[in-house]
Amino acid sequence: MNDESHPLTKLIYRDDGRLRSGWRFAISVVLVIACNFLAGTIALGIVGGERSRLLEAIFRPILMVLELAGFFFLTSTFDRPQTSVWRYNGLQRERWLRDTAIGALLGFVMVGLGVAFIASFFKVSIVSLRVNSHTFFVSCVVLVVILCAAMVEELAFRGYPFQRLVEGMGPVGAILVLSALFGAVHLQNPHIADSRAVQFFAFSNTLYVGVVLAISYLRTRALWFPFGLHFGWNASLGLFFGLPVSGMSDFSVMVRSRAYGPQWLVGGNYGLEGGFLGTVIITLGLVYVLKYVHAPATEVVKPETSVAEIPPGSIQPSSGTAADL
Numbered sequence: 000m001n002d003e004s005h006p007l008t009k010l011i012y013r014d015d016g017r018l019r020s021g022w023r024f025a026i027s028v029v030l031v032i033a034c035n036f037l038a039g040t041i042a043l044g045i046v047g048g049e050r051s052r053l054l055e056a057i058f059r060p061i062l063m064v065l066e067l068a069g070f071f072f073l074t075s076t077f078d079r080p081q082t083s084v085w086r087y088n089g090l091q092r093e094r095w096l097r098d099t100a101i102g103a104l105l106g107f108v109m110v111g112l113g114v115a116f117i118a119s120f121f122k123v124s125i126v127s128l129r130v131n132s133h134t135f136f137v138s139c140v141v142l143v144v145i146l147c148a149a150m151v152e153e154l155a156f157r158g159y160p161f162q163r164l165v166e167g168m169g170p171v172g173a174i175l176v177l178s179a180l181f182g183a184v185h186l187q188n189p190h191i192a193d194s195r196a197v198q199f200f201a202f203s204n205t206l207y208v209g210v211v212l213a214i215s216y217l218r219t220r221a222l223w224f225p226f227g228l229h230f231g232w233n234a235s236l237g238l239f240f241g242l243p244v245s246g247m248s249d250f251s252v253m254v255r256s257r258a259y260g261p262q263w264l265v266g267g268n269y270g271l272e273g274g275f276l277g278t279v280i281i282t283l284g285l286v287y288v289l290k291y292v293h294a295p296a297t298e299v300v301k302p303e304t305s306v307a308e309i310p311p312g313s314i315q316p317s318s319g320t321a322a323d324l
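Each residue of the sequence shown is one higher than the one before, starting from 0 at the first, in numbering that gives the first Met the number 0.
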């Protein structure tokens, strides 16, 4: 019997000899877990577990580099792209600064609207304000941490694993699976168990924003816009307004604030993502993405769509076709 026609061979390999998308997705998930473990081990070995900001300042950049190197290795080994590994992974140079800046601005506007609503109908108070050379330096370090953290999560949830899953099962299934995982990894964050309402909205809103970020990737064919949106949300919420980011207050350095209002609405100590107001804000972001975020004008987009006018060529043309798991 010809090995190429063996059922087990067909289960593992495509007709062109490459691993099926499902296997490449599974390998990439294992790689993400391994990168987190290795980066955490290195960071803990350098600073120990006492200084959380310093730990994050070492952990996040190392993790970002490890993920990039790992996904580039998988791309070169298993995918055989007809373009550069950067472009194949959604990190092409075209429009990178523009898309990142627009995404960051959208994130800032979304958070600003939420804070303005709370201040108008309830109360937002500044708990502490410390502006000096030390807090300025720490804020710069935190800014780098937020940048790296946003890129790390985009690489893991909208990068290579997501792209291979879209290749195998189409955009709808891939968005649901990776967005659910995106929400699940935040279930251990501080203050998520403050109430049932916060727990529900923290998970559902994180899943929801994962959908928005995934659609942003599919519509731009690049990670830059979702990266900018992710970064803008976290930086404006934590650094600028001094409010909790997914239950964490480590990003609030110069200014630390507190939002008052019904916990189910404003999220309590978990932050905007833990309340219904976060759902409304994310919906506004989704509307903007669907209306204004598109692939570059130089690229031809077919009229047929499957998810909110996502171009069917959103995943690299040379990477395969759907139903390849």
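Positions of the beta carbon are idealized from the N, C-alpha and C atoms, including for glycine.
Check your understanding: For Leu242, does the three-state DSSP call read helix, strand or coil?
Key -> When DSSP states are grouped into helix, strand and coil, Leu242 belongs to the coil group.
**Study point:** Three-state secondary structure assigned by DSSP to Leu164
**Key:** Collapsing the DSSP output to three states places Leu164 in a helix.
**Study point:** Cβ contact (3+ pairs, closer than 8 Å) linking the segment 223 to 230 and the segment 139 to 156
**Key:** With the rule of 3 Cβ pairs closer than 8 Å, the segment 223 to 230 counts as touching the segment 139 to 156.
**Study point:** Given Ile330 as reference, the closest of Arg79, Gly113, Leu90, Asn35 once Cα atoms are compared
**Key:** Examination of residue 330 is not possible in this model, given that the chain is present from 0 through 324 alone.
Check your understanding: Ser138: which of Ile45, Arg50, Gly237, Val110 sits nearest, CA to CA?
Key -> Closest by alpha carbon: Gly237.
Practice item. Would you mind sorting Val123 into buried or exposed? The rule is 16 or more other CB atoms within 10 Å of its CB. Key: Counting Cβ neighbours within 10 Å, Val123 comes out buried, since at least 16 surround it.
Point to revise | Val254, enclosing beta strand (DSSP E) - first and last residue | key: First-last of the beta strand (DSSP E) with Val254: 254 to 259.
Review point. Touching or not, the segment 255 to 270 and the segment 175 to 193, by the rule of three or more beta carbon pairs under 8 Å?
Key: The segment 255 to 270 is in contact with the segment 175 to 193.
Review point. What number of angstroms, rounded off, separates the C-alpha of Gln198 from the C-alpha of Leu54?
Key: Our two residues, Gln198 and Leu54, have alpha carbons roughly 27 Å apart in a direct line.
Exercise for review: Using the Cα positions of Arg19 and Leu212, report the straight-line distance between them to the nearest angstrom.
Suggested key: Cα atoms of Arg19 and Leu212: separation of roughly 25 Å, rounded to the nearest angstrom.
Check your understanding: Within this structure, are the beta carbons of Ile32 and Ala42 separated by less than 7 Å?
Key -> Taking 7 Å as the cut-off, the Cβ atoms of Ile32 and Ala42 do not count as close.
Review point. Taking buried to mean at least 16 other C-beta atoms within 10 Å of its own C-beta, is Ser75 buried or exposed?
Key: Exposed, by the Cβ-count rule.
**Study point:** Three-state class that DSSP yields for Leu186 in the structure shown
**Key:** DSSP places Leu186 outside both helix and strand once states are collapsed to three, so it counts as coil.
Exercise for review: Could you tell me if Lys9 is buried or exposed, where buried requires 16 or more neighbouring beta carbons within 10 angstroms of its beta carbon?
Suggested key: Result: exposed.
**Study point:** Backbone secondary structure at Leu222 - three-state DSSP
**Key:** Leu222 falls in the coil class under three-state DSSP.
Exercise for review: Please name the residue or residues paired with Val123 in a DSSP beta bridge.
Suggested key: The partner list for Val123 (beta bridge, DSSP) reads Ala258.
Point to revise | For Tyr12: DSSP bridge partner residues | key: BP columns for Tyr12 point to Leu18.
Exercise for review: Tell me whether Leu90 sits in a helix, a strand or coil according to DSSP, three-state version.
Suggested key: Residue state, collapsed to three classes: coil.
Review point. Thinking C-beta only, is Arg220 closer than 7 Å to Ala155?
Key: At the C-beta level, Ala155 and Arg220 stay beyond 7 Å of one another.
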